[in-house]
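>
Protein chains in written order, with the working numbering: chain F, -6 to 416; chain B, -6 to 416.
#1: Counting only the same chain and skipping the five closest in sequence on each side, list residues whose C-beta sits under 8 angstroms from that of residue 197 of chain F.
#2: With H, G and I counted as helix, E and B as strand and the rest as coil, what does DSSP make of residue 195 of chain F?
#3: Who pairs with residue 335 of chain B in a beta bridge, going by DSSP?
#4: Just checking, does the region 59 to 74 of chain B make contact with the region 29 to 49 of chain B on the three C-beta pairs under 8 angstroms criterion?
#5: By alpha-carbon positions, which one of F:177, F:102, F:202, F:62 ends up nearest to residue 407 of chain B?
#6: Can you tell me where the beta strand (DSSP E) with residue 267 of chain F in it begins and where it stops?
#7: By the 9 angstroms beta-carbon criterion, what residues does the region 380 to 394 of chain B contribute toward chain F?
#8: Residues of chain F with CB closer than 9 angstroms to the CB of residue 408 of chain B, please, in chain order.
#9: Between the C-alpha atoms of residue 213 of chain B and residue 321 of chain F, what's the straight-line distance to the nearest angstrom?
#10: Counting only the same chain and skipping the five closest in sequence on each side, list residues whose C-beta sits under 6 angstroms from that of residue 44 of chain F.
#11: Between which two residues does the beta strand (DSSP E) containing residue 79 of chain B stretch?
#12: If residue 391 of chain B and residue 338 of chain B are in contact, beta carbons under 8 angstroms, what's the gap, nearest whole angstrom?
#13: So is residue 189 of chain B buried or exposed if we call it buried at 16+ other beta carbons inside 10 Å?
#14: With a Cβ-Cβ cutoff of 8 angstroms, do residue 347 of chain B and residue 384 of chain B count as a contact?
#15: So the alpha helix (DSSP H) residue 232 of chain B belongs to, where does it begin and stop?
#16: Any C-beta of chain F sitting closer than 8 angstroms to the C-beta of residue 273 of chain B?
#17: Taking 8 angstroms as the threshold, find out whether the region 219 to 229 of chain B comes into contact with the region 163 to 182 of chain B through three or more Cβ pairs.
#18: Look up residue 18 of chain F in the DSSP assignment and say whether it is helix, strand or coil.
#19: What three-state label does DSSP hand residue 92 of chain B in the structure shown?
#20: To the nearest angstrom, how far is it from the Cα of residue 360 of chain B to the Cα of residue 145 of chain B?
#21: For residue 228 of chain B and chain F, any beta-carbon pair shorter than 8 angstroms?
#22: May I have the straight-line CA-CA distance separating residue 127 of chain F from residue 304 of chain F, to the nearest angstrom?
#23: Roughly how many angstroms separate the alpha carbons of residue 143 of chain F and residue 221 of chain F, rounded to a whole number?
#24: Could you check if residue 368 of chain B is buried or exposed, using at least 16 other CB atoms within 10 Å of its CB as the buried criterion?
#25: Shorter than 8 angstroms from the beta carbon of residue 111 of chain B to some beta carbon of chain F?
#26: State yes or no: is the beta carbon of residue 400 of chain F nearer than 8 angstroms to at least one beta carbon in chain B?
#27: Going by DSSP, what residue range makes up the beta strand (DSSP E) through residue 430 of chain B?
#28: How many angstroms separate the CA atom of residue 68 of chain B from the CA atom of residue 28 of chain B?
#29: Can you say whether residue 180 of chain F is buried or exposed, counting buried as having 16 or more other CB atoms within 10 angstroms of its CB?
#30: Kindly say whether residue 377 of chain F, judged by its beta-carbon, lies nearer than 8 angstroms to any beta-carbon of chain B.
#31: So, for residue 403 of chain F: in the same chain, excluding its five sequence neighbours on each side, which residues have a beta-carbon less than 6 angstroms away from its beta-carbon?
#32: Output, in chain order, the set of chain B residues within a Cβ distance shorter than 8 angstroms of residue 323 of chain F.
#33: Of the choices F:97, F:25, F:58, F:52, whose alpha-carbon is the least far from that of residue 371 of chain F?
#34: When the cut-off is 8 angstroms and only beta carbons count, does residue 298 of chain B lie next to chain F?
#35: What three-state label does DSSP hand residue 368 of chain B in the structure shown?
#36: Could you pull out every residue in the same chain whose Cβ sits closer than 6 angstroms to the Cβ of residue 280 of chain B, ignoring the five residues on either side in sequence?
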């Protein structure tokens, strides 16, 4: 199977599945009173000056900056399906082109992820619809997901400096994506107070950008673990090009198999994929491989309170991913005699990072279209826009947790050193 | 009953209790082989170049800076009682003068609170002794504690600036106690980004120093809750003298009865006395009184993992106190839709604060002795020295947790503003 595929998400339009033919036919009959009432109830949840709901009989209006954004239902089935479970179904309907957005998708996501205004009448209708349509709601739940979309795809919209597929740090609001990813890496290294010659182990190294950065900028020796063969190959080649291959070793293995002894443990954007049930094991591992004076940092997407991942994201984008709460994260530290020194929540930085990614994604649409079909193009746009707004509205958090072994006093007395100008 | 008492801890020397007459008599018979073996086992747990164990027949050596500190058992009962349960019994034995320290008590605390070196033979003997002496071990557990020792006592050794009986912040290592307490108050206010005219509610305000500081330095209006009549009276008088009584209101009531609406919730050094079972209620209360864009900070002694307070401290110094873990603290935030923005662990600053307090305490011994008996003088010295070393070795933590309502974006994007020079 080719690495780059036309439809890696397995999302299909209505016309492609025979079971959809009824609702597809329905789309051709004009909206009735019930359809219009449902649409008006839906519209009532949003700020009318920003977002307009249209049905399949209304003319398509192109978006203008001074006009509300139009969300248009292209068939009756799409309207019912959305109302039955908006969080779960919007993604596929939008990806399939059965819901179209005319104007800025970011505005739609912003409205959708705001504090929901309660509408008891709509809630009752939704409960009713939901009870009537379990098979409709469940019918697309088969996962045809493909996670590995190829380096070429990510290179289109990630930073060119270090290919960081994690939250950047905008020390200054005006920073470019490249500058902010470099600032993020410095921010982590400064919190850890890396010293030349120290040994660092990295769990989940992506394309190796951070490992190479630590070696080059801080003179540490890095072993970086990753289970992706392709990323490991890329990382090795890249570190050779950068002349850092004597200091950085890339190991194709699961973090659970980390061996050796290290001064520092670092993990940026892996915990989301570890699973809460494995946190204690992760802590055991850290405890096992750290020197007596060791320290570490875990950087992860998180939550203020326990909540499942958005079902569409879980199905189409990140199967098995879970953003933990701080309470859940303590399972890494408390049973393993590790001491939390510093927690920073930088969720607004991830909102900005995703804006930057989305801008580049849109700039490179032609290249994306040469790799994938329109379903994919829309799904990925939605994922980037929706995630950005989830960070803006606090549905998602971004935690950096700095820790050391309990009772170790090589910890910084204050955090001031993190904020000194970089020379 | 007088506010200042000769023996507020209820600790008495052996000679004062008839049930001690047997062990007191034992003290007069010279140490035997078993006594010496037990003492040597005990000595084996410590660094011999720093700490020397002596029995009641050896000559008393005055401490010298270049000599090991001597810990001297003044009778056989003291030796057995200590070995039966060192953490629980050292305090009373030292306070009663049955264990004497010749040289720097800080060195003894340092050695005692280091990572314990396992000694399986001693552990077996201790288990045996413990099984034989349940009544001996329990006999002093009656609580004659008096918490309110009077403003005059605390004024002898707390900072003169704001009478802060909580951890200071040494932005610069060379800071005086006064400077570091001012720096702590600025540190908290800057994390909270207090703006003139905002309303702040304080839970547990001590002598009112922080409330007055916030009003004077940041122009906020403060309501400060405290259940101590005496501290409230002091606070009111002080705020009048400072001309801040129009901005600061002191309320003699429990934090559970806080009413009104506030932009900011602040609590420094109260959570230790709240009890884990009340954390959710505390969070409910914060949720109820904060404005929709509200934020807050909780500053508390904590732990890396669950552990009871040292039994002597719990009995003689802080009945009912409990330092929580971060996991336990999340019970305030997660069920109440509050978002943790920043956690800072500044335990080494409390170690230094306690050093400063102990220095002043020793400088004012004559005044302390005019208020209390020798038992008290020793007990309080031990509490200050022992706590300092507990923070050094990580037995205790000091957490500052900054939070806001979930999804509120008035939070600082970075923490840099906290580290700008104070004008």
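Ideal Cβ placement from N, Cα and C applies to all residues, glycine included.
So, from the data block:
#1: These residues qualify, in order along the chain: 218, 219, 248, 260, 261, 262, 263, 266.
#2: Residue state, collapsed to three classes: strand.
#3: DSSP lists F:337, B:395 as partners of residue 335 of chain B.
#4: Contact between the region 59 to 74 of chain B and the region 29 to 49 of chain B is present, because at least three Cβ pairs lie under 8 angstroms.
#5: Minimum Cα distance to residue 407 of chain B is reached at F:177.
#6: Under the DSSP assignment, residue 267 of chain F falls outside any beta strand (DSSP E); it carries neither an H nor an E label.
#7: For the region 380 to 394 of chain B, the beta-carbon criterion of a distance under 9 angstroms to any beta-carbon of chain F is satisfied by 385, 386, 387, 388, 390, 392, 394.
#8: Simply 337, 408, 411, 412.
#9: Taking the straight line joining both Cα atoms gives about 36 angstroms.
#10: If we look at residue 44 of chain F and ignore the five residues flanking it on each side, its Cβ neighbours are 61, 62, 104.
#11: Unbroken run through residue 79 of chain B is the alpha helix (DSSP H), 79 to 88; no beta strand (DSSP E).
#12: A Cβ-Cβ distance of about 7 angstroms is found for the pair residue 391 of chain B and residue 338 of chain B, placing them in contact under the 8 angstroms criterion.
#13: Label assigned to residue 189 of chain B: exposed.
#14: A distance below 8 angstroms separates the beta carbons of residue 347 of chain B and residue 384 of chain B.
#15: 222 to 234 is the extent of the alpha helix (DSSP H) around residue 232 of chain B.
#16: Chain F, which has no Cβ nearer than 8 angstroms to the Cβ of residue 273 of chain B, makes this no.
#17: The answer is no - the region 163 to 182 of chain B does not touch the region 219 to 229 of chain B, with fewer than three Cβ pairs under 8 angstroms.
#18: Caution applies to residue 18 of chain F, whose pLDDT of 43 falls short of 50 and renders its modelled position unreliable; the value that the coordinates give is listed next. The answer is helix: DSSP assigns residue 18 of chain F an H, G or I state.
#19: Strand.
#20: Take the alpha-carbon of residue 360 of chain B and the one of residue 145 of chain B: they are about 10 angstroms apart.
#21: For residue 228 of chain B, no Cβ of chain F is located within less than 8 angstroms of the residue's own Cβ.
#22: Bear in mind that the predicted position of residue 127 of chain F carries a pLDDT of just 31, short of 50, making it unreliable; the figure below should be weighed with that in mind. Rounded to the nearest whole angstrom, the C-alpha separation of residue 127 of chain F and residue 304 of chain F is 15 angstroms.
#23: If I take the Cα positions, the gap works out to 11 angstroms.
#24: Buried is the call here.
#25: At residue 111 of chain B, the pLDDT of 43 sits below 50, so the modelled position is not reliable; the number obtained from the coordinates is stated separately. It does not; no Cβ of chain F falls within 8 angstroms.
#26: For residue 400 of chain F, the answer is yes, since a Cβ of chain B falls inside 8 angstroms of its Cβ.
#27: No answer is possible for residue 430 of chain B: the residues shown for chain B start at -6 and end at 416.
#28: A straight line joining the alpha-carbon of residue 68 of chain B with that of residue 28 of chain B spans about 10 angstroms.
#29: Taking all protein chains in view, the Cβ of residue 180 of chain F is crowded by 16 or more other Cβ atoms within 10 Å, so the residue is classified as buried.
#30: Taking Cβ atoms only, chain B never reaches closer than 8 angstroms to residue 377 of chain F, which makes this a no.
#31: Result list for residue 403 of chain F: 286, in chain order.
#32: Among the residues of chain B, those whose CB is under 8 angstroms from the CB of residue 323 of chain F are 318, 319, 320, 323, following chain order.
#33: Minimum Cα distance to residue 371 of chain F is reached at F:97.
#34: Chain F, which has a Cβ nearer than 8 angstroms to the Cβ of residue 298 of chain B, makes this yes.
#35: Residue 368 of chain B sits in a helix when the DSSP states are folded into three classes.
#36: Closer than 6 angstroms at the Cβ level, and outside the excluded window around residue 280 of chain B, lie 329.
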